[in-house]
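Residue numbers (my numbering), protein chains in the order written: chain A, 385 to 710; chain B, 28 to 436; chain C, 2 to 203. Idealized CB from N, CA, C, for every residue including glycine. Structure record follows, encoded as structure tokens.
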Amino acid sequence: MEILLFGIIGVVVLFSVIALNALILVYMERKVSAWMQSRLGPNRVGPFGLFQTTADIVKLILKENIRNDQSDKVIYFLAPILAFVAPFAAFVTVPIANTIGIRDLDMGAVYIFALGSSVIFSIIWAGYGSNSRYALIGAMRSAAQMVSYEVPMITAVLGVFLIAGSLSMREIVTMQANQTWFIVYQPLGFILFLIAGTAEANRAPFDLPEAESELVAGFHTEYTGLKFAFFFLGEYAAMLVSCCLIVLLFLGGWLVPFVDNSIIPAWIHITVFMIKVYLMIFLMMWFRWTFPRMRVDHLMGFGWKVLLPLAFINLVATGAVVLILK
Amino acid sequence: MSHDTQIKKEPSNLSSKQFRTDSPLIDQIPGRKRQILRESPESELKMEEFLLNVGPQHPSTHGVLRLVVALEGEVIKRCDPDLGYLHRTFEKISESRSYQQIVPFTDRMDYLGSMNANWGVAVAVEKLAKIEVPERAEYLRVIVSELNRIASHLMWMGAFGADIGAVTAFLYGFRERELILDMFEEICGSRLTYGYIRVGGVAEDITPKFDKLVREFLDILPAKLEDYHNLITGNPIFLERTRGVGAITLEEAISYGVTGPMLKACGMPWDLRKEEPYSVYPKFDFDIPVYYNGDCFDRFRVRMDEMVESAKIVIQALDGLPEGDYKVKKLARNIKPPVGDVYVRQEAPRGEYGVYMESDGSTKPNRVKYRTPSFSNLSILPLMTVGWKIADLVAILGSVDIVLGDVDR
Amino acid sequence: MKYLISILSGFWNLLVGLGVTFKYMFKTKTTVEYPEDRKQLADRYIGYVKMMYETEGEFSSYTKCVACMACVVVCPVSCIQVTNEKHPDPTKKRIAKEFILDYVKCEFCNLCIEACNFDAIVMSHDYDVSMYDRAAMDMILVKDMKHNNDLYEESRRQTGAEYKPIISPREREIVEVINKKEYEERLKKAAAKAAENTPAQS
Numbered sequence: 385m386e387i388l389l390f391g392i393i394g395v396v397v398l399f400s401v402i403a404l405n406a407l408i409l410v411y412m413e414r415k416v417s418a419w420m421q422s423r424l425g426p427n428r429v430g431p432f433g434l435f436q437t438t439a440d441i442v443k444l445i446l447k448e449n450i451r452n453d454q455s456d457k458v459i460y461f462l463a464p465i466l467a468f469v470a471p472f473a474a475f476v477t478v479p480i481a482n483t484i485g486i487r488d489l490d491m492g493a494v495y496i497f498a499l500g501s502s503v504i505f506s507i508i509w510a511g512y513g514s515n516s517r518y519a520l521i522g523a524m525r526s527a528a529q530m531v532s533y534e535v536p537m538i539t540a541v542l543g544v545f546l547i548a549g550s551l552s553m554r555e556i557v558t559m560q561a562n563q564t565w566f567i568v569y570q571p572l573g574f575i576l577f578l579i580a581g582t583a584e585a586n587r588a589p590f591d592l593p594e595a596e597s598e599l600v601a602g603f604h605t606e607y608t609g610l611k612f613a614f615f616f617l618g619e620y621a622a623m624l625v626s627c628c629l630i631v632l633l634f635l636g637g638w639l640v641p642f643v644d645n646s647i648i649p650a651w652i653h654i655t656v657f658m659i660k661v662y663l664m665i666f667l668m669m670w671f672r673w674t675f676p677r678m679r680v681d682h683l684m685g686f687g688w689k690v691l692l693p694l695a696f697i698n699l700v701a702t703g704a705v706v707l708i709l710k
Numbered sequence: 028m029s030h031d032t033q034i035k036k037e038p039s040n041l042s043s044k045q046f047r048t049d050s051p052l053i054d055q056i057p058g059r060k061r062q063i064l065r066e067s068p069e070s071e072l073k074m075e076e077f078l079l080n081v082g083p084q085h086p087s088t089h090g091v092l093r094l095v096v097a098l099e100g101e102v103i104k105r106c107d108p109d110l111g112y113l114h115r116t117f118e119k120i121s122e123s124r125s126y127q128q129i130v131p132f133t134d135r136m137d138y139l140g141s142m143n144a145n146w147g148v149a150v151a152v153e154k155l156a157k158i159e160v161p162e163r164a165e166y167l168r169v170i171v172s173e174l175n176r177i178a179s180h181l182m183w184m185g186a187f188g189a190d191i192g193a194v195t196a197f198l199y200g201f202r203e204r205e206l207i208l209d210m211f212e213e214i215c216g217s218r219l220t221y222g223y224i225r226v227g228g229v230a231e232d233i234t235p236k237f238d239k240l241v242r243e244f245l246d247i248l249p250a251k252l253e254d255y256h257n258l259i260t261g262n263p264i265f266l267e268r269t270r271g272v273g274a275i276t277l278e279e280a281i282s283y284g285v286t287g288p289m290l291k292a293c294g295m296p297w298d299l300r301k302e303e304p305y306s307v308y309p310k311f312d313f314d315i316p317v318y319y320n321g322d323c324f325d326r327f328r329v330r331m332d333e334m335v336e337s338a339k340i341v342i343q344a345l346d347g348l349p350e351g352d353y354k355v356k357k358l359a360r361n362i363k364p365p366v367g368d369v370y371v372r373q374e375a376p377r378g379e380y381g382v383y384m385e386s387d388g389s390t391k392p393n394r395v396k397y398r399t400p401s402f403s404n405l406s407i408l409p410l411m412t413v414g415w416k417i418a419d420l421v422a423i424l425g426s427v428d429i430v431l432g433d434v435d436r
Numbered sequence: 002m003k004y005l006i007s008i009l010s011g012f013w014n015l016l017v018g019l020g021v022t023f024k025y026m027f028k029t030k031t032t033v034e035y036p037e038d039r040k041q042l043a044d045r046y047i048g049y050v051k052m053m054y055e056t057e058g059e060f061s062s063y064t065k066c067v068a069c070m071a072c073v074v075v076c077p078v079s080c081i082q083v084t085n086e087k088h089p090d091p092t093k094k095r096i097a098k099e100f101i102l103d104y105v106k107c108e109f110c111n112l113c114i115e116a117c118n119f120d121a122i123v124m125s126h127d128y129d130v131s132m133y134d135r136a137a138m139d140m141i142l143v144k145d146m147k148h149n150n151d152l153y154e155e156s157r158r159q160t161g162a163e164y165k166p167i168i169s170p171r172e173r174e175i176v177e178v179i180n181k182k183e184y185e186e187r188l189k190k191a192a193a194k195a196a197e198n199t200p201a202q203s
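As structure tokens, then:
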């Protein structure tokens with residue numbers, strides 16, 4: 385009974401935190417893009433337009449659901465749910481301070497990567513299920529894209545695991561408290577992981593499944609109303625997961641630099657963690673509003689010919705150094 | 028290397044009867060080098076054509092253009108443009124209006140280069156009716172049409188960036204174009220459909236504020252262009268997306284009647300301002316940018332360089348602006364040119380803009396024909412896109428710089 | 002080595018691009034917050050057509066249009082309809098009874114304004130006139146010889162936009178200068194005529 389109650393409370397808290405963060409991220413994206421483009425951005429709904437995204441979501445909920453007559457019903461309905469649930473579930477093992485986190489798994493990293501990759505299923509389902517040609521091309525691209533960046537991403541991050549000697553998120557951060565942040569040991573790994581993480585979150589310049597100027601809206605062309613809102617929020621939740629991972633693995637998680645972290649209260653840790661995550665998110669938004677979109681074959685070439693060899697070099701070098709130091 | 032032009036299975040939600048199943052344009056060219064398609068052996072997996080209907084409502088068709096694209100995976104096998112969604116019978120309308128009334132309609136054809144569209148008609152009528160235009164009017168025409176060229180290329184640069192995926196460039200292009208629209212508002216009151224260049228001169232004289240605005244703009248233009256180059260031109264992703272993409276040879280370009288920046292990108296410095304100097308262009312010192320690869324990137328570079336050259340012309344014309352009338356003083360309300368015909372061609376932002384006008388001695392032209400650059404440039408699209416990916420289709424279509432009002436008229 | 006240099010220069014170019022967007026984050030924004038803030042319009046701005054009217058004398062608020070049909074003839078899209086009547090002022094011949102301009106057709110080419118010899122119509126600086134009804138775009142600018150420019154206010158009331166009357170310099174010139182001058186001339190003429198008539202009677 386207690387476990388059930390704990391679970392329900394955990395889910396509700398987690399859901400509201402992620403949904404709130406996703407709303408803030410949408411607002412932030414619109415503001416950042418506006419400022420970069422010499423515009424003002426949303427400023428009508430609420431003070432500084434803060435409630436713009438809330439209003440948008442309410443609008444999407446109230447909208448009529450239009451479904452393509454020949455779509456595959458079950459898959460069509462499941463896709464948006466998975467798109468939001470997968471990053472949501474990945475958050476279970478993300479610790480935001482030394483003692484705060486839903487659950488710390490020994491295999492936490494593997495769990496997060498597995499769930500992060502399963503977002504691809506939702507994209508493929510959406511593309512296949514909605515019986516639209518643009519959506520199908522988007523799904524095809526997504527499948528091809530996933531293989532080419534998932535492998536370098538995991539390979540790049542293996543170096544961190546080698547140094548830390550653990551797959552538990554909390555332990556990895558504790559290791560960074562004892563030594564230094566892993567970005568110092570793994571600068572190449574960090575850059576590779578940042579690039580692959582951007583691709584993982586389907587963000588420009590790697591937003592090929594969506595590719596609005598080519599495929600109208602890609603895999604979610606045929607989605608309206610609440611289902612579209614799920615894809616929309618899911619995209620930002622996935623971005624949040626990616627950035628949390630980068631911060632936890634390379635940027636010392638909740639650690640405050642140059643200070644003895646054992647005496648610092650938890651709320652400062654949480655704030656520092658969130659600041660780091662949002663800085664990484666700003667970086668991703670900055671990429672999106674500066675770079676053109678890559679072409680699908682260039683992306684695959686880039687993944688296999690540039691990222692993967694570099695990731696292997698990084699892995700072998702790290703392994704050798706770790707072996708020698710032992 | 029032959030085409031498999033038969034549609035093997037009818038697509039589920041699109042009737043194949045609506046599409047032409049063969050593409051005569053493409054099949055006429057034997058042994059095209061760029062076709063990287065392989066025909067699958069009959070015994071093995073059979074490749075099916077995947078028909079994709081791009082447009083008329085699509086974010087990157089720049090209006091209501093419909094393209095029926097046959098895909099093999101992501102690779103384009105055929106591409107058939109389907110025009111006419113914006114056809115507004117401007118030639119027929121022009122034949123039923125008096126000579127002065129034609130001018131406002133031409134604004135609506137090439138709505139990004141309205142000044143040039145006005146100018147062609149005005150010159151055609153002046154040649155028919157043998158009207159001498161004051162020199163100040165010619166200078167003003169050159170100034171506004173070159174400013175319009177800059178505005179058009181800025182807008183094109185932004186739209187091309189947005190096609191490729193760099194949305195920020197779109198807003199930057201519009202931001203600077205806005206300054207030029209402010210100038211046009213100052214002299215003729217309109218921001219899009221100017222109707223400024225009239226038969227016998229221009230509508231109104233320029234104001235001191237216009238002069239100030241132009242000089243201010245030309246001062247900041249080089250810095251802004253450098254920003255665009257930093258943002259777009261140097262970007263390796265942009266280079267990969269455009270270099271070599273949609274390349275055509277000079278022979279192909281000439282045989283399809285391609286003109287303007289697209290021809291200059293193929294290595295031919297053909298510009299009517301130099302080849303057949305009209306108006307007061309011989310008095311100005313400017314160059315024609317030429318590049319030799321004929322791909323999207325070279326078209327981009329030609330247009331970026333043309334902006335610099337146009338700025339040069341504007342500043343020379345503004346400095347050397349003669350005093351005098353800005354229009355013919357006594358002009359009959361209803362012009363009745365003698366019987367005859369005339370073909371006027373000029374260098375519009377998109378290429379050669381021609382007006383053929385035939386007079387039967389009455390107050391209305393007997394026959395009007397517009398040769399618009401967008402239409403001729405678009406005709407080479409099926410040839411350019413074959414063998415490229417669906418993402419390149421958007422880039423190639425963007426590099427043509429079509430205005431659908433100009434294509435369909 | 003060449004390959005490495007190309008990778009590094011590509012990387013550098015990406016950073017330069019990022020610098021451009023970062024720079025503009027802190028520059029002044031170009032947005033004008035319509036409808037609260039509006040752009041300063043040029044004097045020659047072409048907005049909707051406004052009908053001018055007499056402001057002096059017994060015929061004030063009567064339209065200045067004398068139904069000469071110059072605008073009707075010159076309009077490329079034939080969007081103007083004018084019906085005429087005998088002018089209540091005996092010194093003038095005709096006056097427009099009804100002047101209808103179909104804004105669905107109008108292409109704002111300014112030709113009618115240039116054709117008008119009586120300063121009867123001007124291009125105002127109103128540009129945000131919108132209607133819920135397509136038929137309402139047939140704007141009746143003169144009704145029973147009186148000008149009917151409240152249409153623009155009506156449109157704003159319908160669409161809920163804040164009403165700020167915009168008076169173009171040309172409108173002000175006609176109301177404040179030209180109308181007065183014309184009125185004085187008319188008075189002078191009438192006085193001269195009266196002076197001619199009175200000695201004959203006595």
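**Item:** Contact with chain A by residue 79/B, beta-carbon distance below 8 Å
**Value:** yes
**Prompt:** Would the beta-carbon of residue 193/B fall within 8 Å of that of residue 369/B?
**Reply:** no
**Message:** Less than 8 Å between the beta carbons of residue 537/A and residue 581/A, yes or no?
**Reply:** yes
**Asked** Which residues of chain B have a Cβ atom closer than 7 Å to the Cβ of residue 565/A, listed in chain order?
**Response** Result: empty, since nearest Cβ-Cβ is about 29 Å, beyond 7 Å.
**Asked** What residues from chain C crowd round residue 674/A, counting only those whose CB sits closer than 7 Å?
**Response** 18, 19, 22
**Message:** List, in chain order, every chain A residue whose beta-carbon is nearer than 7 Å to that of residue 35/C.
**Reply:** Within 7 Å Cβ-Cβ: nothing; residue 35/C doesn't reach chain A, min ~12 Å.
**Item:** residue 98/C versus 75/C, 142/C, 137/C, residue with shortest Cα-Cα distance
**Value:** 142/C
**Asked** Could you give the distance in angstroms between the alpha-carbon of residue 168/B and the alpha-carbon of residue 100/B?
**Response** 50 Å
**Item:** Run of the beta strand (DSSP E) containing residue 293/B, from where it starts to where it stops
**Value:** Run containing residue 293/B: none; DSSP gives neither H nor E here.
**Request:** Can you pull the chain C residues whose beta carbon is under 8 Å from the beta carbon of residue 414/A, in chain order?
**Result:** Under the 8 Å cutoff, chain C gives no residues; its nearest Cβ is about 13 Å from residue 414/A.
**Prompt:** Does the beta carbon of residue 325/A come closer than 8 Å to any beta carbon on chain B?
**Reply:** Since the first and last residues shown for chain A are 385 and 710, residue 325/A lies out of range.
**the segment 163-181 of chain B contacting the segment 637-656 of chain A, beta-carbon criterion three pairs below 8 Å** = no
**Message:** What are the residues in the segment 183-199 of chain B lying within 9 Å of chain A by C-beta distance?
**Reply:** 188, 189, 190, 191, 192, 193, 194, 195, 196, 197, 198, 199
**Request:** Within the same chain, show all residues whose beta-carbon is closer than 7 Å to that of residue 171/C, passing over the 5 residues directly before and after it, in chain order.
**Result:** 123
**Prompt:** Listed in chain order, which residues of the segment 679-692 of chain A have Cβ atoms closer than 8 Å to some Cβ of chain B?
**Reply:** 679, 680, 681, 682
**Prompt:** Would DSSP call residue 107/B helix, strand or coil?
**Reply:** strand
**Item:** residue 385/A burial status per 10 Å Cβ neighbour count (16 or more: buried)
**Value:** exposed
**Message:** Between 98/B, 306/B, 297/B, which has its C-alpha nearest residue 415/B's C-alpha?
**Reply:** 98/B
**Asked** Closest by CA to residue 422/A, which one among 191/B, 390/B, 132/B, 198/B?
**Response** 198/B
**Asked** Where does the unbroken beta strand (DSSP E) through residue 386/B begin, and where does it stop?
**Response** 378-386
**Message:** Looking at the strands, I want to know which residues DSSP matches up with residue 78/B.
**Reply:** 97/B
**Request:** Please go through the segment 132-210 of chain B and give each complete alpha helix (DSSP H) segment of 4 or more residues, from N-terminal end onward.
**Result:** 141-156, 162-191
**Start-to-end residues for the beta strand (DSSP E) that takes in residue 85/C** = 81-87
**Message:** Does the segment 6-13 of chain C come into contact with the segment 400-419 of chain B, if we say contact requires no fewer than three beta-carbon pairs (one atom in each stretch) closer than 8 Å?
**Reply:** no
**C-beta neighbour in chain C for residue 215/B, strict 8 Å** = yes
**Message:** Can you pull the chain C neighbours of residue 424/A, defined as C-beta to C-beta under 8 Å?
**Reply:** 30, 32, 34
**Asked** Any idea if residue 168/C is buried or exposed, counting beta-carbon neighbours within 10 angstroms, 16 or more meaning buried?
**Response** exposed
**Item:** Which residues DSSP lists as bridging residue 520/A, in chain order
**Value:** None; residue 520/A has no bridge partner.
**Item:** Check whether residue 382/B and residue 148/B have beta carbons under 8 Å apart
**Value:** yes
**Prompt:** Closest by CA to residue 121/B, which one among 322/B, 392/B, 226/B, 398/B?
**Reply:** 392/B
**Message:** Going by beta-carbon coordinates alone, are residue 399/A and residue 461/A separated by less than 8 Å?
**Reply:** no
**Prompt:** If you draw a straight line from the C-alpha of residue 33/C to the C-alpha of residue 4/C, how long is it?
**Reply:** 47 Å
**Item:** Whole alpha helix (DSSP H) elements within the segment 573-606 of chain A, 4-residue minimum
**Value:** 596-599
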